[in-house]
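Take the sequence shown: its position 325, counting from 1, is numbered 347 in this note's numbering, and each next residue is one higher.
Glycine residues also receive a C-beta, built at the ideal position from the N, C-alpha and C atoms.
Just so we're clear, the structure is a prediction, and the values are computed from it rather than from any experiment.
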Amino acid sequence: MNDSLQQSPANIDFEFDKKHIWHPYTSMHNAAKVTGVVSAEGCELTLSDGQVVIDGTSSWWACIHGYNRPEIIEAMQYQLTTLSHVMFGGITHAPAVNLCKRLVDMTSPNLTKVFLADSGSIAVEVAMKMAMQYWQGKNQPLKQQLLTVKRGYHGDTFAAMSVCDPDNGMHTMFGNAVTEQLFAPAPQSAFNQALVDGDTDALEAILKTNHQHIAAIIIEPIMQAAGGMHFYSAEYLVALRGLCDKYQVLLILDEIATGFGRIGKLFAYEYANIEADILCLGKALTGGYISLAATICSDEVAKGISDSPAGVFMHGPTFMGNPLACAAADASLQILQTSNWQQQVTDIESQMKQELAEAIDYEHVKDVRVLGSVGVIEMDSAINTGALQKAFIELGVWIRPFGNVIYITPPYTITSAQLTKLTNAMKIIAADIT
Ligand code: PLP
23 MNDSLQQSPA NIDFEFDKKH IWHPYTSMHN AAKVTGVVSA EGCELTLSDG
73 QVVIDGTSSW WACIHGYNRP EIIEAMQYQL TTLSHVMFGG ITHAPAVNLC
123 KRLVDMTSPN LTKVFLADSG SIAVEVAMKM AMQYWQGKNQ PLKQQLLTVK
173 RGYHGDTFAA MSVCDPDNGM HTMFGNAVTE QLFAPAPQSA FNQALVDGDT
223 DALEAILKTN HQHIAAIIIE PIMQAAGGMH FYSAEYLVAL RGLCDKYQVL
273 LILDEIATGF GRIGKLFAYE YANIEADILC LGKALTGGYI SLAATICSDE
323 VAKGISDSPA GVFMHGPTFM GNPLACAAAD ASLQILQTSN WQQQVTDIES
373 QMKQELAEAI DYEHVKDVRV LGSVGVIEMD SAINTGALQK AFIELGVWIR
423 PFGNVIYITP PYTITSAQLT KLTNAMKIIA ADIT
């Protein structure tokens, strides 16, 4: 047995971690104490001190089926000992083909060409490159800019950063290196409401003046996630699709957070009954077992790329189409397709609506909103994530607020009692914030 297997998983060297290991968005000198985790089962995490907490995050939207699903583990174990990795250039394999068949079947009929990427940010970069190459193939080489909306978030790599809201504070340090894109105001029309008059006017004005330079619009459909968990009207998306057609720009939908049922439809674009030209998927794709993302485009986009001067799509990462990741994703999507996820998400939604409603009366709560399996308490000012994290653990839950929102995105398999524990913890913390 190798050394690391002999060591107890609870025996984490926190001092080493603190000194040498970066965590997301943290300082190496001022880091808040990280929590050690030893194992996970169902919707629970076992921490290194033995405490068991209910997971309200699905590990950042990914683990939709809960942890330790035998179907995914078996598929991965088989794949691990059969063909865990092989290059994808000039080679194919059943896990990739099986997965892509599912993706082509699940998504709208016009989306037929799948690019398997490594992570959500890369899927976005790939989508942007596809759009840029498409217009070169259409003999419109000036159409190379992206238009997007404020409050959007599409990832941390450079091109992805260039379409994130520049005022979100996450990327301001890199302004000089990030390509300049065009930004319209965030959608204002609320979910389930008609399009507010004038909501797309500023966006249309940008299109009118700049469409000769715009390759695509990129947007998170229905829900802007990291921009503050805002839900907006399906009519806005319908209008957006119309404007894309009118001004001849492609529509890229980033469903990395919303995809695979999270907000009540398999894909958020179904609320608006529209088709994207390019769709980005990630996070829940493998059920959270391993990193994988996908960018799916239409025949038309693929044809334009083939007609571009390069003749091929100019992207091809080392781990593209990794068989182990594809096997995990295929098993995860099989679970989703054969499960009653729709009922599970509907039940989570109605329970959260009922249990979170009273929080609107708390002194510092600005808004309470729920859509599908996303529950949000928005506070009136920024909150201290580090301090609250500890308080949540003391309440027996794993919830990680950010900005001014306390939110949960639990696995679809969460029980009603577990969900009540999560919503209670959210309310206790929200009521306590001064
Ligand atoms: N797009 C959206 C909508 C996201 O929410 C995220 C991550 O939170 C990303 C892209 C980036 O994905 P990743 O963190 O896998 O690179």
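- Within the same chain, and ignoring the five residues on either side of G408 in sequence, the residues whose Cβ sits closer than 7 Å to its Cβ are A54.
- Closest in alpha carbon position to Y434, among K412, G309, V271, T317, is G309.
- With 16 or more other Cβ atoms from the protein chains shown falling within 10 Å of its own Cβ, G174 counts as buried.
- Minimum Cα-Cα distance from V60 among the listed residues W420, N33, D321, I436 corresponds to N33.
- The DSSP-derived three-state label of C302 is strand.
- For C319, the enclosing beta strand (DSSP E) has its first and last residue at 315-320.
- Note on G112: under 16 other CB atoms within 10 angstroms of its CB, so exposed under the neighbour-count rule.
- Rounded to whole angstroms, the gap between the alpha carbons of K443 and M128 is 34 Å.
- Close CB contacts of D39 within its chain, under the 7 Å cut and outside five residues either way in sequence, are with V56 (chain order).
- Cβ neighbours of I228 within its own chain (closer than 7 Å, five residues either side excluded): L169, L204, A206.
- In the DSSP assignment, the residues bridged to G397 are V392, I430.
- Beta-bridge annotation (DSSP): V218 is not paired with any residue.
- Not one heavy atom of ligand 1 sits closer than 8 Å to the Cβ of S30.
- Nearest in C-alpha terms to V119, of all of A349, T317, I450, H193, is A349.
- Nearest in C-alpha terms to Q440, of all of V75, A294, D223, I241, is V75.
- Between Y269 and L217, the CB-CB gap reaches or exceeds 9 Å.
- Relative to ligand 1, the beta carbon of I274 is positioned no closer than 8 Å to any heavy atom.
- Cα atoms of K388 and M401: separation of roughly 5 Å, rounded to the nearest angstrom.
- Not one heavy atom of ligand 1 is found less than 8 Å from the C-beta of K172.
- The three-state secondary structure of V148, taken from DSSP, is helix.
- Shown here for G191: not one same chain residue has a beta carbon closer than 6 Å to its own, the five before and five after excluded.
- Rounded to whole angstroms, N295 and R263 show a C-alpha spacing of 10 Å.
- Three or more beta-carbon pairs separated by less than 8 Å link the segment 133-152 to the segment 319-333, which places the two stretches in contact.
- Taking all protein chains shown into account, K230 has fewer than 16 neighbouring C-beta atoms within 10 Å of its C-beta and is therefore exposed.
- Inter-segment contact for the segment 281-300 and the segment 326-341 is absent: fewer than three beta-carbon pairs are separated by less than 8 Å.
- Rounded to the nearest angstrom, the gap between the Cα atoms of D221 and A452 is 31 Å.
- CA-CA distance, C319 to A298, rounds to 8 Å.
- If you keep only unbroken alpha helix (DSSP H) runs of at least 4 residues inside the segment 61-104, you get 80-83, 92-104.
- In terms of Cβ geometry, R284 and G394 form a close pair [threshold 9 Å].
- Sorted by position in the chain, S141, G142, S143, V146, Y175, H176, G177, E242, A247, A248, D276, I278, A279, G304 make up the residues whose C-beta lies under 6 Å from a heavy atom of ligand 1.
- M374 carries a helical assignment under DSSP once its states are collapsed to helix, strand and coil.
- Per the coordinates, the alpha-carbon of Y89 lies some 44 Å from the alpha-carbon of K165.
- In the displayed model, K135 falls within a strand according to three-state DSSP.
- Considering only V398, S328, D369, Q366, the residue with the shortest C-alpha distance to A381 is V398.
- Between the alpha carbons of V185 and Y156 lies a distance of about 19 Å.
- For a cut-off of 8 Å, the C-beta gap from M448 to I436 is around 14 Å, too long to register as a contact.
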